[in-house]
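First residue of the sequence shown? That's 1 in full-length UniProt numbering, and the numbers climb one at a time after it. Built from N, CA and C at the ideal position, the CB exists for glycine as well. Written below as structure tokens is the structure these notes are about.
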Amino acid sequence: MAKYLVIVESPAKAKTINKFLGANYTVVASNGHVRDLPKSQMGIDIEHDFEPKYITIRGKGDVLAMLRKEVKKADKVYLATDPDREGEAISWHLAYALKLDEKATNRITFNEITKTAVKNSLKHARKINMNLVDAQQARRILDRMVGYSISPLLWAKVKRGLSAGRVQSVALRIICDREKEIESFIPQEYWTLDVLLKVDGDTKPLQAKYVGDIHGNKEIHSKEEMDKIIESLENAQYEIREIKVGERSKKSPLPFTTSTLQQEASKQLNFSTQKTMRLAQQLYEGVDIEGEGSVGLITYLRTDSTRISEEADANVKKYIDKTYGADYVVQGTKTGKDNKKIQDAHEAIRPTYLTMTPVKVKESLSRDQFRLYQLIWNRFLASRMTDAVYETTSVKIQAGDHLFSVAASKIKFDGYLSVYRQEEDKVEKNVLSKKLTKESKLTFVDYEEKQHFTQPPAHFTEASLVKTLEELGIGRPSTYAPTITTIIARRYIAKENKNLYVTELGEIVNKIMVEAFSSIVDVAFTANLEFLLDKIEEGTISYKTVIRNFYPDLKEAVDHAQEELEQVKIEDEVSDVICDQCGRNMVIKYGPHGKFLACPGFPECRNTKTYFEKIGVKCPKCGGDIVIRKTQKGRKYYGCENNPDCDFMTWQRPSDKRCPECGEVLVYKGSKLVCLNQQCGYVENIKSDEARQNAG
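Encoded structure:
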């Protein structure tokens, strides 16, 4: 009997695929890439047409030895790495490292890890697609040339350990530009006026918004203008001038792409992009389901297409018809906007098996795996359901020379909302408690006048940054999460309460990049490079041509920057802790494990101390500062800086408030403040902003 070897990237994927194949198949994992450019040097031979110098990755010797043994036993080898540029490149490197015959090399791909998909891929094995490989090589070489050319310059001009990346530098610039907009924003005052009116025969007052006067003046800019309007409304009669009743449809959403999954997981589940991709990878490669073994629950997670296969489309419509009724099934096929940037090689992200409902697999998944799977499942169902229909009512009211309006809506048919609601769908709309007519009598009750100030643009979150990068054509589905993770890890960006803030270090690095390497951090230039990478994948341009055109400009900019840039120094943050060896104020520095205190007298004084971050709350026992501490296993808790002399500690973040009933400290738990004394049981609701700010 012939023996076949199937090589995939991960053990989890190997375990899932192994279920579908017979005893004459062996499935093994390479654990990702086996060859890469060396870390110790650029690894690109500039003098010989930019030829990359690949080496075996350190620690992969044993894996390759195992794979070579398996190859010798096999009559045929199938390379089943992921169906994208990165996966194609891994297969190419494996073929080289294992000395596989190019003519006999069998490359297979599947968008979902199901028995049908895997078996079908074996029937359609092909050669390695060198256009895909070259597109990945081009990205790797361009990124390496930028990083290894500019990073040493940052070491010399700023501090060692910094890095510059082709895409990460553009992302940093986008965030810095937003920060500048926020800093330079000048708020403008404006006012809003609502009037509460009693409708004849209705106990609940009607709230109408001021929309302007009959002369076309709409905005209220000051208290003086507001007072004049209210004065002119004195003794005015409020009359209904127009009532319009209509319908409004809200379109069901498209199924998830990588970008939209990351955005919604951030908004609804509070997941980082990195966490979303890690969990999605687990769901794709396979999870142990009770009674089923290892099951791949979703299709491939790196995609920017919203397309769904005909079979999947037909199956989900049958499921909706059976579960919810024919009225809930969308007619025809749904497609997204035509976007030239979209690579339509894959389907959208969807469940692989409709029989694997979230409820059925819940007990076999971790809490976060379940939440993400449920989000993907519900979104997929919603994408094949009918639009939600609202009944809308618009009422125009006149009082003297002034106009007010009431806009109300209620769901007439829930459609896709029966399974999936986004943040904006969860907001309650104004609902009229009584049917209004033009003859309805309105009686004035009260005014609600409010002062406002225009708000600056919002700080970027991971979700909004991903959306912006996608809209600008920067990066591709596989690059969003590592790009954001890198600039946070490098401490160019700080993440607080979902928002991304530029650090002093980030500002300095961005300033150097903008001054010395304006083309590298130019949004249009970077988007055009992505376009060229797509052209390499299509086979219409050589990857060496792109690199040959790119390198001379990069070298010229580096040479110029080395001559012109001034030395920039980052001042260490001075703390109020006194060095007990020499008496200086210690400074906060960064180490491999985070912040620590060091004496600025180094190397004469080498004193260092652990740094505990203060939370701005005083210890209820001794009056010292409460700091964030960690157990030996890394679990975070809150304790007094005077430990061990003071033993105050709590797992929940303490507030500066005391319980009004027993005097104990109140701690944050979700959207509530709870008394630390469990015997007391006092609970106090807090605003959502305060809850988010003080979460864990």
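| Query | Result |
| --- | --- |
| Range covered by the alpha helix (DSSP H) that runs through residue 392 | Here residue 392 belongs to no alpha helix (DSSP H); instead the beta strand (DSSP E) covers 388-399. |
| Residue 91: first and last residue of the uninterrupted alpha helix (DSSP H) it sits in | 85-97 |
| Element boundaries [alpha helix (DSSP H), containing residue 17] | 11-18 |
| Inter-stretch contact (C-beta, 8 angstroms, three-pair minimum) for the segment 640-653 and the segment 622-629 | yes |
| Reduced DSSP category for residue 31 - H, G, I as helix; E, B as strand; rest coil | coil |
| Euclidean distance between Cα positions of residue 419 and residue 79 | 39 angstroms |
| At least 3 beta-carbon pairs within less than 8 angstroms: the segment 219-233 vs the segment 474-487 | no |
| Proximity below 8 angstroms, CB of residue 169 to CB of residue 513 | yes |
| Residue(s) in a DSSP beta bridge with residue 483 | DSSP, once it has assigned bridges, lists no residue as partnering residue 483. |
| Inter-residue Cα distance where the pair is residue 402 and residue 210 | 8 angstroms |
| Limits of the alpha helix (DSSP H) - the one that residue 246 falls within | Note, residue 246: premise wrong, no alpha helix (DSSP H); beta strand (DSSP E) at 238-250. |
| Minimum length 4: unbroken alpha helix (DSSP H) runs contained in the segment 425-511 | 462-472, 480-489 |
| Beta-carbon gap between residue 150 and residue 550 smaller than 8 angstroms | no |
| Per-residue DSSP class, three states only, for residue 592 | Bear in mind that a pLDDT of 42 at residue 592, under 50, signals an unreliable position, so the model cannot answer this. |
| contact_flag[the segment 239-246, the segment 435-445] where n(CB pairs < 8 angstroms) is 3 or more | yes |
| Test item: CB-CB of residue 256 and residue 376 under 8 angstroms | yes |
| C-alpha gap between residue 577 and residue 602, whole angstroms | 16 angstroms |
| Residue 347 beta carbon near the ligand FAD (any heavy atom closer than 7 angstroms) | This structure lacks the ligand FAD, and indeed carries no ligand of any kind. |
| Buried versus exposed call for residue 635 [16 or more other C-beta atoms within 10 Å across all chains shown] | In this prediction, residue 635 has a pLDDT of 48, which is less than 50 and means its spatial position is unreliable; nothing more can be read from the coordinates. |
| Those residues which DSSP pairs with residue 608 across a bridge | 598 |
| Collapsed DSSP secondary structure at residue 209 in the structure displayed | strand |
| Contact belief for residue 94 with residue 17 at Cβ below 8 angstroms, rounded distance in angstroms | So it is not a contact: roughly 16 angstroms between Cβ atoms. |
| Other residues of its chain near residue 341: CB distance less than 6 angstroms, five sequence neighbours each side excluded | Residue placement at residue 341 is poorly supported in this model, since its pLDDT is 44, which falls under 50; the coordinates still yield a value, given next. Cβ neighbours of residue 341 beyond the five flanking positions: 473. |
| DSSP three-state assignment for residue 635, whether helix, strand or coil | Low confidence applies here, because residue 635 scores a pLDDT of 48, under 50, leaving its location unreliable; read the following figure in that light. Looking at residue 635 - three-state DSSP - the assignment turns out to be coil, as it is neither helix nor strand. |
| Buried versus exposed call for residue 460 [16 or more other C-beta atoms within 10 Å across all chains shown] | buried |
| Opening and closing residue of the alpha helix (DSSP H) in which residue 547 lies | 543-564 |
| Residue 523 versus 115, 610, 174, residue with shortest Cα-Cα distance | 174 |
| Residue(s) in a DSSP beta bridge with residue 106 | 78 |
| Status (buried if at least 16 other CB within 10 Å, exposed otherwise) for residue 659 | buried |
| Burial state of residue 423 (16 or more Cβ within 10 Å) | exposed |
| Under 8 angstroms between C-beta atoms of residue 392 and residue 247 | yes |
| Spatial distance of residue 15 from residue 36 (CA atoms) | 26 angstroms |
| Residue 633, buried or exposed, once every other Cβ within 10 Å from all chains shown has been counted against 16 | Residue confidence is low: residue 633 scores 38 on pLDDT, short of 50, so the model does not pin down where it sits. Its coordinate-derived value is still stated next. It is exposed - the Cβ of residue 633 has fewer than 16 other Cβ atoms within 10 Å. |
| Contacting residues, own chain, Cβ-Cβ under 7 angstroms from residue 160 (five flanking each side not counted) | none |
| Cβ neighbour criterion (16 or more within 10 Å) applied to residue 185 | exposed |
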